[in-house]
Amino acid sequence: MAHAKIIIIGSGPAGYTAGIYAARANLKPVLFAGDKPGGQLMNTTLVENWPGTEAGVMGPELMMEMRNQAAKFGAEIIDKKVTKVDFSGELKKVLVDDELYEAETIIVATGAASIMLGVPGEKEFFGKGVATCAVCDAPFYRDKIAMVIGGGDAAIEDAMALTKFASKIYLVHRRDELRASKFMVDRVMNAEKVEILWDSELKKVLGNKLVEKVEIYNNKTDKTQEIETSGVFLAVGHKPATEIFKDYLELDKKGFIQTKLTYPGATTTSVDGVFAAGDVVDYRYKQAITSAGMGCQAALDAERWLDQK
Amino acid sequence: MSEDNQKQTGAVHLTTDDFKTTLNNEEGLPVFVDFFAEWCGPCKMAAPIVDKLAGEYEDKMIIAKLDVDGHNQIAAEYGVMSIPTAIIFKDGEEVDRTIGFPGEDGFRKMIDGNL
Numbered sequence: 000m001a002h003a004k005i006i007i008i009g010s011g012p013a014g015y016t017a018g019i020y021a022a023r024a025n026l027k028p029v030l031f032a033g034d035k036p037g038g039q040l041m042n043t044t045l046v047e048n049w050p051g052t053e054a055g056v057m058g059p060e061l062m063m064e065m066r067n068q069a070a071k072f073g074a075e076i077i078d079k080k081v082t083k084v085d086f087s088g089e090l091k092k093v094l095v096d097d098e099l100y101e102a103e104t105i106i107v108a109t110g111a112a113s114i115m116l117g118v119p120g121e122k123e124f125f126g127k128g129v130a131t132c133a134v135c136d137a138p139f140y141r142d143k144i145a146m147v148i149g150g151g152d153a154a155i156e157d158a159m160a161l162t163k164f165a166s167k168i169y170l171v172h173r174r175d176e177l178r179a180s181k182f183m184v185d186r187v188m189n190a191e192k193v194e195i196l197w198d199s200e201l202k203k204v205l206g207n208k209l210v211e212k213v214e215i216y217n218n219k220t221d222k223t224q225e226i227e228t229s230g231v232f233l234a235v236g237h238k239p240a241t242e243i244f245k246d247y248l249e250l251d252k253k254g255f256i257q258t259k260l261t262y263p264g265a266t267t268t269s270v271d272g273v274f275a276a277g278d279v280v281d282y283r284y285k286q287a288i289t290s291a292g293m294g295c296q297a298a299l300d301a302e303r304w305l306d307q308k
Numbered sequence: 000m001s002e003d004n005q006k007q008t009g010a011v012h013l014t015t016d017d018f019k020t021t022l023n024n025e026e027g028l029p030v031f032v033d034f035f036a037e038w039c040g041p042c043k044m045a046a047p048i049v050d051k052l053a054g055e056y057e058d059k060m061i062i063a064k065l066d067v068d069g070h071n072q073i074a075a076e077y078g079v080m081s082i083p084t085a086i087i088f089k090d091g092e093e094v095d096r097t098i099g100f101p102g103e104d105g106f107r108k109m110i111d112g113n114l
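For the record, the sequence lines run as chains Y and A.
Position one of the first sequence corresponds to residue 0 (numbering that gives the first Met the number 0), numbered consecutively onward.
Position one of the second sequence corresponds to residue 0 (numbering that gives the first Met the number 0), numbered consecutively onward.
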């Protein structure tokens, strides 16, 4: 069994920033980076709104830098996924399969994961035409037809990434207007290769070894049609990764961790000594910079909590 | 131990030309192939792990990489449409596949399960 003053669970901007601050406070944090180290930004290309980088910065590079920075100051980074926690005692328990770790305080920064639709064929063809990272996989769709499901900024970014390679892109959205920002909507509306299928829902993914076609249901006309496509990119949103915390931490209806915005600290959860930061808490802003900011707050809140204990 | 004394490690980079011959290698070793590209973030995380495992398993399995950028036809032939994808081959036949980077432990489990 290993003992730490502070354990950070998560490796996005919130987790790594908490790691940098906690390490610099000489708390020797142990950071579990999980099975997708670096988080959602690993699936992006150029990030143009990270302050201090006029030319932009590549998402994966930004995350590698944050990781190295946390390690430089003494954070112990473990690329393992926490499978279970127990926050009932004074010492908080964190389990990685059978390995037990204990800490005085915990920062939860597990972020959010892509929502899967659960339609037939989705699982079977995952990685064989069904995907969640258009930036990674767009080049496989050179001169092919691809499809993006969703209506937010992420869906449009995916569609735009595909325009560089695919011959045609369907954007399938279940409503009659996009919820993306105006800037992004204008972009996709002007993209020649993109056809938007309004009021439409993915019902089935079909194919042999790879995806060949899909069934699309129109919720206004109540009709279902088959459409040929080689790729189905899911961008319907993210859900907070809070499954392992639900017995201990207060969550809202959608599964986000509830924190207190007032004293004793913005990142305080319903359990004394457990703090939370980033997309696992934030249903409103969801930016790299707000997550990093919250990670900093969590580390400072945890540090003060340890001091006052 | 100084750098000089350490054994040269790192995964073999395969190309379209030597892909099939590696799969059907004379030693009859299973082959682990990491399909990757430079532009893919999760692939970058996986790269040093794959190199590390190559050193560890060198007598038991050939640990190799294929840059899909430039060897697209191999990726297409094996139905790789998403990266990173790791496939283990035995006697030239696919026996296991993992889509996405499952972390070091994930790769270890996959390899150990196919020795």
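C-beta: ideal position from N, C-alpha, C; glycine also.
Rounded distance between the beta-carbons of residue j and residue i, thought under 8 Å
i	j	result
Y/Leu250	Y/Thr241	6 Å
Y/Glu194	Y/Lys203	The pair is not a contact, with the Cβ atoms about 20 Å apart (cut-off 8 Å).
Y/Val279	Y/Val107	6 Å
Y/Phe86	Y/Val270	5 Å
Y/Ile168	Y/Met146	7 Å
Y/Gly110	Y/Gly38	5 Å
A/Met80	Y/Gly73	About 41 Å; that fails the 8 Å criterion.
A/Asp50	A/Gly105	A/Asp50 to A/Gly105, Cβ: 16 Å. No contact.
Y/Tyr190	Y/Met159	The residue you asked about is not Tyr; residue 190 of chain Y is Ala in the sequence shown. Correct: roughly 7 Å between the Cβ atoms.
Y/Leu368	Y/Leu170	Any answer about residue 368 of chain Y is impossible in this case: the structure gives chain Y only from 0 up to 308.
C-beta contact flag for residue i and residue j at 9 Å
i	j	result
A/Glu103	A/Leu65	no
Y/Ala133	Y/Lys238	no
Y/Gly254	Y/Ala276	no
Y/Leu61	Y/Ala297	no
A/Val11	A/Ile62	yes
Y/Gly18	Y/Lys79	no
A/Ile110	A/Tyr77	no
Y/Ser290	Y/Pro59	no
A/Phe100	Y/Lys35	yes
Y/Leu248	Y/Glu103	no
A/Ala74	A/Phe31	no
DSSP three-state assignment for residue i, whether helix, strand or coil
i	result
Y/Asn218	coil
Y/Gln286	coil
A/Ile86	strand
Y/Gly58	helix
A/Leu22	helix
A/Leu28	coil
Y/Ala32	coil
A/Ala75	helix
A/Phe106	helix
A/Glu92	strand
Y/Gly14	helix
A/Asp16	coil
A/Pro41	helix
A/Pro47	helix
A/Asp33	strand
Y/Asp300	helix
Y/Val231	strand
Neighbour-count burial assignment, residue i, 16 or more Cβ in a 10 Å radius
i	result
Y/Tyr140	buried
A/Met44	buried
Y/Met188	exposed
A/Asp90	exposed
Y/Tyr284	exposed
Y/Gly272	buried
A/Phe18	buried
Y/Thr156	In the sequence as presented, Thr is not what sits at residue 156 of chain Y; that position holds Glu. Flag for Y/Glu156 reads buried.
Y/Ile45	The sequence given here places Leu at residue 45 of chain Y; Ile does not occur at that position. It counts as exposed.
A/Leu114	exposed
Y/Glu302	buried
Y/Met314	As shown, chain Y starts at 0 and ends at 308. That puts residue 314 of chain Y outside it, with no answer to give.
Y/Leu90	exposed
Y/Ser229	buried
Report the residue ranges of all beta strand (DSSP E) runs contained in full by the stretch 151-199 of chain Y; include only those spanning at least 3 residues, in chain order. 167-171, 193-196
Enumerate, from N- to C-terminal direction, the unbroken beta strand (DSSP E) stretches of 3 or more residues contained entirely within the stretch 68-100 of chain Y. Runs found: 75-77, 83-85, 91-95.
Restricting to runs no shorter than 3 residues, where is the beta strand (DSSP E) found entirely within the stretch 100-156 of chain Y? 111-113, 144-148
Within the stretch 245-276 of chain Y, ranges of the beta strand (DSSP E) (whole runs, at least 3 residues): 273-275
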